[in-house]
Structure formats: structure tokens, C-alpha cells
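Q: Submitted below is the structure of interest, expressed as C-alpha cells.
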Amino acid sequence: MVESIDAWWERRQRSKGAAVPYAVGTYREAWSTFPMLIRQYHPEFNRGITLTQIPPAADVYLTWQCESGHVFVATPEEQRSRPGRVRRRSAWCPECSLDARGGPRVRPLPLDPRPVESRPLDAAPFERRPTSATLDPGSAPRQTSTPRPATGGRPSPAPRPASSGRQTPTPQHERTPKRPSPFARPAPDAPARAARIRPTPDAARPHVAPAAEAPEPRRRERGEPFRSPHAPRTASAAEADLRRRLAERLDLDLDAHNAIWVAQDFHGRREVWPDIVLADLRVAIEYDTVGRFGLEHVGPREQSDRWKDRVLRQCGWEVIRIRTGALRPLGPHDLVAPAITATLIDRLLDELALVRGPLFVAAYLR
Numbered sequence: 001m002v003e004s005i006d007a008w009w010e011r012r013q014r015s016k017g018a019a020v021p022y023a024v025g026t027y028r029e030a031w032s033t034f035p036m037l038i039r040q041y042h043p044e045f046n047r048g049i050t051l052t053q054i055p056p057a058a059d060v061y062l063t064w065q066c067e068s069g070h071v072f073v074a075t076p077e078e079q080r081s082r083p084g085r086v087r088r089r090s091a092w093c094p095e096c097s098l099d100a101r102g103g104p105r106v107r108p109l110p111l112d113p114r115p116v117e118s119r120p121l122d123a124a125p126f127e128r129r130p131t132s133a134t135l136d137p138g139s140a141p142r143q144t145s146t147p148r149p150a151t152g153g154r155p156s157p158a159p160r161p162a163s164s165g166r167q168t169p170t171p172q173h174e175r176t177p178k179r180p181s182p183f184a185r186p187a188p189d190a191p192a193r194a195a196r197i198r199p200t201p202d203a204a205r206p207h208v209a210p211a212a213e214a215p216e217p218r219r220r221e222r223g224e225p226f227r228s229p230h231a232p233r234t235a236s237a238a239e240a241d242l243r244r245r246l247a248e249r250l251d252l253d254l255d256a257h258n259a260i261w262v263a264q265d266f267h268g269r270r271e272v273w274p275d276i277v278l279a280d281l282r283v284a285i286e287y288d289t290v291g292r293f294g295l296e297h298v299g300p301r302e303q304s305d306r307w308k309d310r311v312l313r314q315c316g317w318e319v320i321r322i323r324t325g326a327l328r329p330l331g332p333h334d335l336v337a338p339a340i341t342a343t344l345i346d347r348l349l350d351e352l353a354l355v356r357g358p359l360f361v362a363a364y365l366r
């Protein structure tokens with residue numbers, strides 16, 4: 001059951017038997033991968049309790065404030081799973097998300113110009129209708145001008161008189177032609193008319209080459225690297241720098257493949273798109289960062305990264321993730337680094353030698 005911050009803190013004090021059940025900094029590492037939530041949380045709104053004193057799985061309502069000034073209430077689990085598939089800064093705030101999607105807005109009714117004393121209690125709300133011109137109370141209604149003759153000198157047709165109960169037959173030239181019924185029988189002379197139509201001789205017909213049959217796509221094997229037109233391009237300058245530094249140290253074509261065929265569906269496709277594919281070593285390299293707005297590789301996207309690694313390992317591939325910033329390693333061979341440097345490339349080559357063997361990796365060194 002979700003509790004308020006006061007009730008939750010008092011209950012933890014009784015269960016722990018201490019005035020401060022969680023010291024400051026206890027859950028610093030768990031919250032370090034969510035820099036946007038660190039900026040949205042303010043201790044003055046939550047009884048002076050810091051975010052590092054609250055477990056990420058606690059069922060407690062916390063007060064948050066986004067960068068636009070919207071104040072809202074949400075649990076830690078709701079905030080950690082809020083980005084979803086949206087890659088905007090507004091994804092961290094429900095009010096900003098509603099504004100970005102163009103949500104429904106209540107349109108206020110126009111004010112009633114009548115004074116309150118003369119307005120009945122059960123009067124309907126006043127709706128101001130736009131008019132082309134406003135009439136004075138004592139002025140006579142405006143007269144409609146007579147219709148001008150149409151271009152060409154012909155006068156416009158006179159209006160038809162009102163019907164007196166009988167319908168006037170429509171002239172023959174104004175009737176709409178009826179669509180032929182599919183169940184109608186053909187005319188008796190239809191075969192004779194069809195026989196008089198001479199078919200075009202074969203010599204006069206234009207020669208059309210038969211359409212070539214498209215070759216059937218080759219069925220790929222599980223774990224086969226290939227180049228996919230659907231794979232995204234390099235997302236950041238740091239990733240391009242990592243690719244360039246690896247190409248200088250390894251005698252491999254890093255641009256030959258950008259996808260791997262897997263045995264099961266991954267987000268609706270049978271292909272996975274690593275950042276860098278080392279086909280000869282059967283190693284996929286990923287460069288992970290939280291991104292500009294702190295949305296990448298956190299929350300549900302971290303679970304997607306774990307799923308991606310499992311799918312690749314089932315096909316005989318190994319994954320090495322370079323985790324920057326406050327992102328923690330996910331696999332046994334992941335590396336944590338602040339930036340792309342020469343030292344990081346040396347560590348990456350050592351990890352490749354640990355995965356595939358030093359003699360095998362040394363054969364591809366420049």
C-alpha cells in the first residue's frame with residue numbers, strides 16, 4: 001500500500017528502531033543513473049529527506065518539481081519507469097507530457113453581458129455567436145439587395161415556387177443516369193455486336209517483356225552478421241570516435257556489417273543492431289550513455305539492453321558494453337569509463353583477448 005512521506009518515514013523509524021532509519025547516501029548508487037530525477041527531487045517538499053535515503057522500491061508518494069515548475073506526486077517506481085519510448089525532456093513530467101502531446105483543454109464559456117439582477121436563476125449559459133454586423137436596437141432590418149444578372153447578359157433564374165403537395169417532374173436532360181444493375185440480362189443482340197468488334201492482330205500489339213521473377217530471399221543463419229538497411233546510423237560523435245580508434249588498432253572492416261540475425265524476435269524483428277560489429281571475433285560492442293536528457297539506457301531501456309544481450313549470447317556472440325557517466329555494468333565484460341581515450345581502447349583490447357583468446361586477437365592487431 002502506498003503511503004505518504006510522513007507515514008512511511010514514521011513506520012520505518014518504528015521498524016528500524018532509530019530516528020534516522022536510512023543514512024544520507026545509502027542509495028546514492030541506485031539513484032545515480034537517473035540524473036533527471038535527482039534534479040526534480042527537492043528535500044524541502046519531502047520533510048527534509050534526501051533522495052539517497054529513499055529505496056527505489058519504496059511504496060511512498062514523493063513530491064517532484066520539473067524544470068518548468070510543475071509540481072506533481074509520484075512514487076519512485078513511477079518516476080523511474082516514466083520515460084518509456086518517448087525521447088523528450090517532457091517525458092519526466094506528466095504535465096509537460098500532456099502539453100507536448102497536445103492534450104484536451106477545457107474551453108471556458110463566454111461571459112454573459114446581462115446584469116446579474118435581470119438574469120433568471122435557471123437561465124442557460126450564454127453563448128456569444130459571431131455576427132458580421134451589429135444592429136442598433138431601433139434600426140430596421142437590412143434589406144437584401146436584388147440579385148445581379150449573371151455574366152453574359154442572361155438574368156439569373158427565378159426561384160421555384162413552393163410545392164403545393166404534388167411533385168414537379170424533373171426534365172429529361174436534368175435526370176441523373178442510372179447505374180446498370182449487375183443482375184440485368186444482356187440485350188438480345190449483344191453477341192452480334194461483340195462479333196463485329198475485330199480484335200487487334202498480334203503484329204500490331206506492342207511487345208511487352210515478361211516480368212522477371214524476383215529471387216527468393218536467402219534464409220539467414222542464426223548469428224549471421226550482415227548489413228541491414230533498417231539499422232540506424234551512428235548516433236553521436238563519441239561513438240564515431242570509438243569506431244575510428246578501433247579501426248586504427250584492429251585490421252578489421254568495421255563498416256561491413258551493422259546487424260546480426262537472431263533466433264527470436266527482438267522488438268518485432270529478427271535482427272539486432274549493435275553499435276559496432278566485430279564479425280571475425282563475433283563480438284558486439286555497445287557504447288552507452290544517458291543522453292542529453294537522461295533518458296537513454298535507464299529504467300525500461302535498461303531491461304531492453306539486458307534482453308538484447310541475452311539474445312546475442314544465445315546466438316554465440318559476446319557483448320562488451322562501454323558504460324559512461326553513472327551507468328553501472330550489466331555484463332561480465334562491460335567497461336565503465338568517463339570518456340573515449342587511448343587508455344579505454346587498451347582496456348577494450350585486453351577484454352577482447354580475455355573473451356576470444358590473446359593469440360586469436362593478436363592476429364588482427366595492426
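Numbering (UniProt numbering), first residue to last: 1 to 366.
Beta carbons: idealized from backbone N, C-alpha and C, even for Gly.
1. At what residues does the beta strand (DSSP E) containing R321 begin and finish?
2. Since I260 and D275 should fall inside the 8 Å C-beta cutoff, what is the C-beta to C-beta distance between them, to a whole number of angstroms?
3. Mind checking if D305 is an interface residue toward chain B, Cβ cutoff 8 Å exclusive?
4. Quick one: is L51 buried, meaning 16 or more other Cβ sit within 10 Å of its Cβ, or exposed?
5. Let me know the secondary structure DSSP gives P149 once reduced to three states.
6. V73: which of P35, V2 and W9 sits nearest, CA to CA?
7. Look up W64 in the DSSP assignment and say whether it is helix, strand or coil.
8. How about E351: is its Cβ closer than 7 Å to a heavy atom in the ligand MN?
9. Return the first residue and the last residue of the alpha helix (DSSP H) that F8 is part of.
10. Report yes if the CB atom of H257 is closer than 8 Å to the CB atom of A279, and no otherwise.
11. Tell me which same chain residues have a C-beta within less than 6 Å of the C-beta of V361, skipping the five on either side of it?
12. Taking 6 Å as the limit between beta carbons, can you name the residues of its chain near A326, skipping five residues before and five after?
13. Around the C-beta of D6, are 16 or more other C-beta atoms found within 10 angstroms, so that it is buried, or is it exposed?
14. Comparing alpha-carbon positions, which option in S228, A58, T341 and I345 lies nearest A269?
15. So, at 7 Å on beta carbons, what are the nonlocal neighbours of C96 in its own chain, with the 5 sequence-adjacent residues on each side left out?
16. Where does I260 sit, in a helix, a strand or coil, going by DSSP?
17. Inspect the beta-carbon positions of C315 and A263 and report whether they are closer than 8 Å.
A: In this structure, then:
1. As a position in the sequence shown, residue 321 is number 321, starting the count at 1. Unbroken beta strand (DSSP E) run through R321: E318 to R323.
2. Within the sequence shown, numbered from 1, the residue matching residue 260 stands at position 260. Within the sequence shown, numbered from 1, the residue matching residue 275 stands at position 275. Rounded, the Cβ-Cβ distance is 12 Å, inconsistent with contact.
3. The structure shown has no chain B; it contains just one protein chain.
4. Counted from its first residue, the sequence shown places residue 51 at position 51. Result: buried.
5. In the sequence shown, counting from the first residue as 1, residue 149 sits at position 149. Confidence in P149 is poor, its pLDDT being 49 and thus under 50, which makes the residue's placement unreliable; the coordinate value appears in the next sentence. It is coil, neither helix nor strand.
6. Locating residue 73 in the sequence shown gives position 73, where the first residue counts as 1. Residue V2 is the option with its Cα nearest to V73.
7. Sequence index remark: in the sequence shown, residue 64 carries index 64 (1-based). In the structure shown, W64 falls within a strand segment according to DSSP collapsed to helix, strand and coil.
8. In the structure shown, the ligand MN is absent, as is every other ligand, since no ligand is present at all.
9. Here residue 8 is taken as the residue at index 8 of the sequence shown, counted from 1. The identity of residue 8 in the sequence shown is Trp, whereas the question assumes Phe. Run containing W8: I5 to K16, per the alpha helix (DSSP H) assignment.
10. By 1-based counting over the sequence shown, the position of residue 257 is 257. By 1-based counting over the sequence shown, the position of residue 279 is 279. Taking 8 Å as the cut-off, the beta carbon of H257 is found closer than this to the beta carbon of A279.
11. For the purposes of this step, residue 361 is taken as residue 361 along the sequence shown, with counting starting at 1. Hits under 6 Å: L352 and A353.
12. For this step, residue 326 is matched to residue 326 along the sequence shown. Closer than 6 Å at Cβ, skipping near neighbours: S32 and T33.
13. Within the sequence shown, numbered from 1, the residue matching residue 6 stands at position 6. By the neighbour-count rule (16 or more Cβ atoms within 10 Å), D6 is not buried but exposed.
14. Sequence index remark: in the sequence shown, residue 269 carries index 269 (1-based). For the sequence presented, residue 269 should be read as Arg rather than Ala. Here the closest residue by C-alpha is S228.
15. Position 96 of the sequence shown, counted from the first residue, corresponds to residue 96. Hits under 7 Å: C66, S68, H70 and S90.
16. Translated into positions along the sequence shown, residue 260 becomes position 260. DSSP places I260 within a strand segment (E or B) once states are collapsed to three.
17. For the purposes of this step, residue 315 is taken as the residue at position 315 of the sequence shown. For the purposes of this step, residue 263 is taken as the residue at position 263 of the sequence shown. For C315 and A263, yes; Cβs fall inside 8 Å.
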